[in-house]
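Trainee:
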Amino acid sequence: MHSKEINKIAAEDRVPPIQKFIYGLGAFVNNLLGAAIGGMLIVLNLGLGMNPALVGLLGALPRLTDALTDPLMGYISDHSKTKWGRRRPFIFFGAIAAGLIFAMLWQVPREQSESFYFWFFLIGSVLFYLAYTVFATPWVALGYELTPDYHERTSLMAVQNFMGQIAWLTAPWFLWFMQSDLLFDDMIEGAGWLAIIIGGFTICVGILPAIFLKEPSKKPAKHTQITADTDEANTNSVDKKEANVEEFPAGVGDFFKGFLATIKFKPFLSLCGATFLVFNGFMMVSSFQTYVIIYYVFGGDQALGAEYAGWSGTVSAISTFCVIFIVTKLSASLGKRRAFYAVTGISIFGYALKWICYNPEHPLLLLIPPVFIAFGLGGLFTLMGSMIADVCDFDELKTRERREGMFGSIYWWVVKLGMAVALAAGGVLLNVTGFDVALGSAQTDDTIFLMRLFDVLIPIITSAIAIWLIMGYPITEAKANEVRQELEARKAK
Numbered sequence: 001m002h003s004k005e006i007n008k009i010a011a012e013d014r015v016p017p018i019q020k021f022i023y024g025l026g027a028f029v030n031n032l033l034g035a036a037i038g039g040m041l042i043v044l045n046l047g048l049g050m051n052p053a054l055v056g057l058l059g060a061l062p063r064l065t066d067a068l069t070d071p072l073m074g075y076i077s078d079h080s081k082t083k084w085g086r087r088r089p090f091i092f093f094g095a096i097a098a099g100l101i102f103a104m105l106w107q108v109p110r111e112q113s114e115s116f117y118f119w120f121f122l123i124g125s126v127l128f129y130l131a132y133t134v135f136a137t138p139w140v141a142l143g144y145e146l147t148p149d150y151h152e153r154t155s156l157m158a159v160q161n162f163m164g165q166i167a168w169l170t171a172p173w174f175l176w177f178m179q180s181d182l183l184f185d186d187m188i189e190g191a192g193w194l195a196i197i198i199g200g201f202t203i204c205v206g207i208l209p210a211i212f213l214k215e216p217s218k219k220p221a222k223h224t225q226i227t228a229d230t231d232e233a234n235t236n237s238v239d240k241k242e243a244n245v246e247e248f249p250a251g252v253g254d255f256f257k258g259f260l261a262t263i264k265f266k267p268f269l270s271l272c273g274a275t276f277l278v279f280n281g282f283m284m285v286s287s288f289q290t291y292v293i294i295y296y297v298f299g300g301d302q303a304l305g306a307e308y309a310g311w312s313g314t315v316s317a318i319s320t321f322c323v324i325f326i327v328t329k330l331s332a333s334l335g336k337r338r339a340f341y342a343v344t345g346i347s348i349f350g351y352a353l354k355w356i357c358y359n360p361e362h363p364l365l366l367l368i369p370p371v372f373i374a375f376g377l378g379g380l381f382t383l384m385g386s387m388i389a390d391v392c393d394f395d396e397l398k399t400r401e402r403r404e405g406m407f408g409s410i411y412w413w414v415v416k417l418g419m420a421v422a423l424a425a426g427g428v429l430l431n432v433t434g435f436d437v438a439l440g441s442a443q444t445d446d447t448i449f450l451m452r453l454f455d456v457l458i459p460i461i462t463s464a465i466a467i468w469l470i471m472g473y474p475i476t477e478a479k480a481n482e483v484r485q486e487l488e489a490r491k492a493k
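Going left to right, the sequence shown walks through residues 1 to 493 as my numbering numbers them.
#1: My output table needs one value for residue 458: the three-state DSSP class, helix, strand or coil.
#2: Mapping DSSP to helix, strand and coil, what is residue 486?
#3: Measuring CA to CA, which of 56, 43, 28 and 18 is closest to residue 422?
#4: Report yes or no: do three or more beta-carbon pairs, one from the segment 161-171 and one from the segment 429-442, lie closer than 8 Å?
#5: Measure from the alpha carbon of residue 427 to the alpha carbon of each residue in 289, 164, 261 and 254, then state which is nearest.
#6: For residue 358, does the three-state DSSP call read helix, strand or coil?
#7: Please report the straight-line C-alpha distance between residue 64 and residue 417, rounded to a whole angstrom.
#8: Out of curiosity, what's the CA-to-CA distance linking residue 103 and residue 125?
#9: Out of 206, 185 and 191, which one is the CA nearest neighbour of residue 163?
#10: Looking at the unbroken alpha helix (DSSP H) that takes in residue 189, where does it start and where does it end?
#11: Relative to the C-alpha of residue 377, which residue among 367, 392, 318 and 400 is closest?
#12: Give me the Cα-Cα distance between residue 267 and residue 370, rounded to the nearest whole angstrom.
#13: Using 8 Å as the Cβ pair cut-off and three pairs as the minimum, do the segment 191-211 and the segment 333-353 touch?
#14: Compute the Euclidean distance between the alpha carbons of residue 37 and residue 213, then round it to the nearest angstrom.
#15: Under the three-state reduction of DSSP, which class applies to residue 83: helix, strand or coil?
#16: Return yes when the Cβ of residue 94 is within less than 8 Å of the Cβ of residue 135, no when it is not.
#17: Quick check on DSSP: helix, strand or coil for residue 298?
#18: Near residue 242, which residues of its chain fall below 6 Å by C-beta distance, leaving aside the five closest residues on each side in sequence?
#19: Per DSSP, what kind of secondary structure is residue 8 in: helix, strand or coil?
#20: Quick one, which of 68, 201 and 191 has its alpha-carbon nearest residue 107's?
#21: Specify the secondary structure class of residue 479 as computed by DSSP and reduced to three states.
#22: Taking residue 334 as the reference, give the member of 433, 189, 260 and 477 with the closest Cα.
#23: Could you tell me the alpha carbon to alpha carbon distance between residue 185 and residue 33, rounded to whole angstroms?
#24: Take the Cβ of residue 471 as the centre, count every other Cβ of all protein chains shown within 10 Å, and call the residue buried at 16 or more, exposed below.
#25: What number of angstroms, rounded off, separates the C-alpha of residue 183 from the C-alpha of residue 47?
#26: Around the C-beta of residue 359, are 16 or more other C-beta atoms found within 10 angstroms, so that it is buried, or is it exposed?
#27: Specify, as a first and last residue, the run of the alpha helix (DSSP H) that residue 384 falls within.
#28: Taking only three categories from DSSP, how would you classify residue 473?
#29: Need the endpoints of the alpha helix (DSSP H) that residue 403 sits in, please.
#30: List, from N- to C-terminal side, the alpha helix (DSSP H) runs of 4 residues or more that fit wholly inside the segment 404-452.
#31: Taking residue 499 as the reference, give the member of 133, 275, 71 and 475 with the closest Cα.
#32: With three or more C-beta pairs closer than 8 Å as the rule, is the segment 145-160 touching the segment 383-401?
#33: Determine, using beta carbons only, whether residue 202 and residue 98 come nearer to each other than 8 Å.
#34: Could you tell me which of 81, 44, 145 and 59 sits nearest to residue 179, measuring between CA atoms?
#35: Among 148, 468, 73 and 348, which one has its Cα closest to the Cα of residue 11?
#36: Taking its Cβ as the centre, do 16 or more other Cβ atoms sit within 10 Å of residue 16, making it buried, or is it exposed?
Written out as structure tokens, the structure reads:
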């Protein structure tokens with residue numbers, strides 16, 4: 001690897017460690033809510049006996065409303081003017097509303113019909129996701145504008161991803177907690193108490209970024225020139241055609257034109273597509289693999305399977321903590337694009353290991369694949385947040401607008417859409433395999449084989465396509481810094 005000169009990050013571009021930590025608390029809350037709403041849906045099948053396809057629909061349908069509410073919330077946040085800033089009021093009240101609604105959603109009435117439960121959770125989930133959007137969209141946008149420095153952005157996103165992974169450290173134990181015979185009479189009661197705990201935590205911790213973080217001023221920051229490595233050194237300067245300014249009229253049309261400009265911006269589309277594929281592949285099998293562990297590795301023993309699934313998730317979360325530091329170093333030395341290739345490739349290897357390591361005769365082997373799979377999400381949400389912040393700069397050069405809220409809302413809607421598609425597809429695939437919860441440990445050999453095949457093959461395919469998409473991503477370190485120089489020259493005038 002050729003050497004690269006990297007100038008020190010300017011003092012005014014650095015985000016103090018305590019502010020990184022507080023911003024990271026928002027990631028913990030954000031991931032905790034996402035993991036909980038997805039992971040607890042299994043209660044509807046195992047606890048209430050609902051059809052897996054209907055459970056999948058309950059995971060997917062509420063996310064469709066986010067296609068409108070997320071960009072709208074991003075636009076509102078971008079254009080809000082209060083004495084507390086554009087983001088902080090929404091973060092504060094959104095956290096309170098999301099926590100309260102989530103706690104109430106899982107206080108489930110007993111002995112009702114499947115139709116009643118479907119509509120109860122559908123309406124409640126729509127309300128929850130609306131409050132979730134009010135909190136999460138401004139919080140994401142705030143992170144994109146905390147620093148203008150190319151490498152400090154990666155450092156900030158590494159901290160927030162590290163903090164967010166703590167949620168995934170606890171989430172694998174939700175099923176074990178909810179079905180604990182020592183604590184609760186049944187899984188439904190356990191789900192109700194777990195929701196109260198998560199809701200209360202969301203309120204107490206989710207408001208902290210709104211209280212303690214300050215939105216940055218719009219003064220141009222000083223900038224130091226860097227020399228990029230061979231992956232980025234040959235990048236051409238920002239061409240004049242791309243730098244042409246597009247003026248958007250103020251008013252209602254501004255929302256629609258800004259929305260269209262965002263979803264048509266090719267570098268942003270590459271990031272969204274790669275995220276959808278990597279995250280969708282992971283989430284589809286994250287719920288699906290629980291069935292594989294219970295019914296293949298442990299022959300239908302739900303208690304033992306849930307315990308090992310919990311340990312597998314814990315290993316995954318701990319590994320991701322380590323991966324985040326590795327990815328940060330790789331990004332600084334190889335560039336963000338090459339770092340993505342490396343970590344996603346390692347995760348593909350981890351998914352392939354499942355075929356060997358999910359072994360009924362040696363169950364402890366199932367703790368090996370999560371170590372490698374962790375590179376996928378650990379790298380994804382460290383690199384993508386930093387790369388989207390670069391996209392926001394490039395967009396400002398073209399439009400003279402700062403639309404962190406719009407970019408963040410659409411990006412995270414894609415993440416949520418991926419989760420919704422994964423939940424829906426997971427339920428459908430489970431039916432395709434012929435799985436029948438009533439059979440218990442007596443699932444057919446064909447069912448077990450298809451469950452294992454889907455668990456391994458789907459994330460390998462989606463991750464490989466994601467690597468191909470990022471090969472066309474054009475904003476390298478050299479170009480990102482040229483964009484910043486031009487923006488600062490414009491602001492100085």
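Each residue gets a CB set at the ideal place from its N, CA and C atoms; glycine is no exception.
Mentor: The short version:
#1: Of the three classes helix, strand and coil, the one that applies to residue 458 here is helix, per DSSP.
#2: The answer is helix: DSSP assigns residue 486 an H, G or I state.
#3: 56
#4: no
#5: Considering only alpha carbons, the answer is 289.
#6: coil
#7: Between residue 64 and residue 417, the C-alpha separation is close to 7 Å.
#8: 11 Å
#9: 206
#10: 187-206
#11: 318
#12: 30 Å
#13: no
#14: 27 Å
#15: coil
#16: Taking 8 Å as the Cβ cut-off, residue 135 and residue 94 qualify as a contacting pair.
#17: Secondary structure of residue 298 (DSSP, three-state): coil.
#18: Confidence at residue 242 is low in this model, with a pLDDT of 41, below 50, so the placement of that residue should be treated as unreliable; the coordinate-derived value is given next. Excluding positions up to five away in sequence, the list is empty.
#19: coil
#20: 191
#21: helix
#22: Comparing Cα-Cα distances from residue 334 to each of 433, 189, 260 and 477, the minimum goes to 477.
#23: 25 Å
#24: Flag for residue 471 reads exposed.
#25: 16 Å
#26: exposed
#27: 369-399
#28: DSSP places residue 473 in coil when its eight states are reduced to three.
#29: Premise fails: residue 403 is in no alpha helix (DSSP H) and is neither H nor E.
#30: 404-432
#31: The structure shown does not extend to residue 499, since the chain is modelled only from 1 through 493, so no value can be given for it.
#32: yes
#33: yes
#34: 44
#35: 148
#36: By the neighbour-count rule (16 or more Cβ atoms within 10 Å), residue 16 is not buried but exposed.
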